[in-house]
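In my numbering, the protein residues as written are -10 to 201.
Positions of the beta carbon are idealized from the N, C-alpha and C atoms, including for glycine.
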């Protein structure tokens, strides 16, 4: 565990308590301060939860990021605030419309209406050797998606993944689901750290890994 935050992410006081924050245009009604910092709500962001829990994400700021499962842009907007080029993949048209609006204020954020299960459909757009692959995909076969998208990661890159147990099997014990996901990741990734995200997101596991 580590409390090192990437450059561009700070703990600042909002409403009398210290919270993660990034500097950028507000997106989802989050509190802001006079200096342009906006609170990063960990209850609405798995990556925010991983940082709040002190997971060693390897993020330092300025990374090239491929974000899978961007939805309407809550978390990826914070990522784009401190990262370099940020490719945001989302397959549902309705949230992508919101995501496009978020990107209008962020020159480094590139929304892609694509399916993360089919990386070849965006391989011509996303540069190779990205520094970080962030995954928040609420679908069955989350590990398969991570393995298929490994091709984009640099050899020393990081996978930052939030596994949603209920998306895999709503009837199974979450611990069993997490074990199965980790087993499936193992041929392609070295697992560096795992932590339950239940403080912020019930039945979710945060994973930090690097390509083998």
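Opposite residue 79 in the DSSP bridges: which residues? Counting from 1 along the chain shown, the entry for residue 79 is found at position 90. Paired residues: 102.
Output needed for residue 121: all residues of its chain with C-beta closer than 7 Å, excluding positions within five of it in sequence on either side, in chain order. Position 132 of the chain shown, counting from 1, holds the residue named residue 121. Correct list, in chain order: 48, 52, 54, 146, 147 and 149.
When the Cα of residue 110 is compared with those of 123, 97, 98 and 137, which residue comes out closest? Taking the chain shown and counting its residues from 1, one reaches residue 110 at position 121. Nearest Cα to residue 110 within the set 123, 97, 98 and 137: 137.
Beta strand (DSSP E) segment containing residue 1, residue limits: In the chain shown, counting from the first residue as 1, residue 1 sits at position 12. Per DSSP, residue 1 belongs to the beta strand (DSSP E) from -2 to 3.
The alpha helix (DSSP H) with residue 188 in it runs from where to where? For the purposes of this step, residue 188 is taken as the residue at position 199 of the chain shown. No alpha helix (DSSP H) contains residue 188, which DSSP labels as neither H nor E.
Decide if the segment 164 to 179 is in contact with the segment 74 to 91; the criterion is three or more beta carbon pairs, one per stretch, under 8 Å apart. no
If you run the structure through DSSP and keep just helix, strand and coil, what is residue 150? As a working note, residue 150 is residue 161 in the chain shown. Three-state DSSP puts residue 150 in a strand.
Which of helix, strand or coil does DSSP assign to residue 177? Translated into positions along the chain shown, residue 177 becomes position 188. Three-state result, residue 177: coil.
From what residue to what residue does the beta strand (DSSP E) around residue 117 run? For this step, residue 117 is matched to residue 128 along the chain shown. Element bounds for residue 117: n/a, residue is neither H nor E.
Assuming contact is defined by CB atoms lying nearer than 7 Å, are residue 191 and residue 35 in contact in what I supplied? Here residue 191 corresponds to residue number 202 of the chain shown, with the count starting at 1. Here residue 35 corresponds to residue number 46 of the chain shown, with the count starting at 1. No. Outside cutoff.
Would you mind reading off the limits of the beta strand (DSSP E) that contains residue 140? Position 151 of the chain shown, counted from the start, is the residue given in the question as residue 140. DSSP places residue 140 outside any beta strand (DSSP E), giving it a letter other than H or E.
Can you tell me where the alpha helix (DSSP H) with residue 40 in it begins and where it stops? Counting from one through the chain shown, the residue named residue 40 turns up at place 51. Unbroken alpha helix (DSSP H) run through residue 40: 35 to 41.
Indicate whether the contact test is met: 3 or more Cβ pairs, each with one atom in the segment 101 to 109 and one in the segment 28 to 42, closer than 8 Å. No, because fewer than three Cβ pairs between the segment 101 to 109 and the segment 28 to 42 fall closer than 8 Å, the two stretches do not touch.
List the endpoints of the continuous alpha helix (DSSP H) containing residue 66. Here residue 66 is taken as the residue at index 77 of the chain shown, counted from 1. Here the alpha helix (DSSP H) through residue 66 covers 63 to 71.
Spatial neighbours of residue 188 within its chain, please: C-beta separation below 6 Å, excluding the five flanking residues on both sides. Position 199 of the chain shown holds residue 188. If we look at residue 188 and ignore the five residues flanking it on each side, it has no Cβ neighbours.
Assign residue 201 to buried or exposed, taking buried as 16 or more other Cβ atoms, counted over all protein chains shown, within 10 Å of its Cβ. On the chain shown, position 212 is the one that residue 201 refers to. Flag for residue 201 reads exposed.
Does DSSP put residue 22 in a helix, a strand or coil? Taking the first residue of the chain shown as 1, we reach residue 22 at position 33. Of the three classes helix, strand and coil, the one that applies to residue 22 here is coil, per DSSP.
Residues that residue 194 bridges to, as DSSP identifies them: Within the chain shown, the letter at position 205 stands for residue 194. DSSP, once it has assigned bridges, lists 152 and 185 as partnering residue 194.
Does the ligand FAD have a heavy atom nearer than 6 Å to the CB of residue 176? Here there are no bound small molecules, and the ligand FAD is not part of this structure.
Assign residue 107 to one of three DSSP states: helix, strand, or coil. Within the chain shown, residue 107 is the residue found at index 118, counting from 1. Residue 107 falls in the coil class under three-state DSSP.
Between the segment 8 to 16 and the segment 92 to 99, do three or more beta carbon pairs fall short of 8 Å? Taking 8 Å as the limit for Cβ pairs, the verdict is that the segment 92 to 99 does touch the segment 8 to 16.
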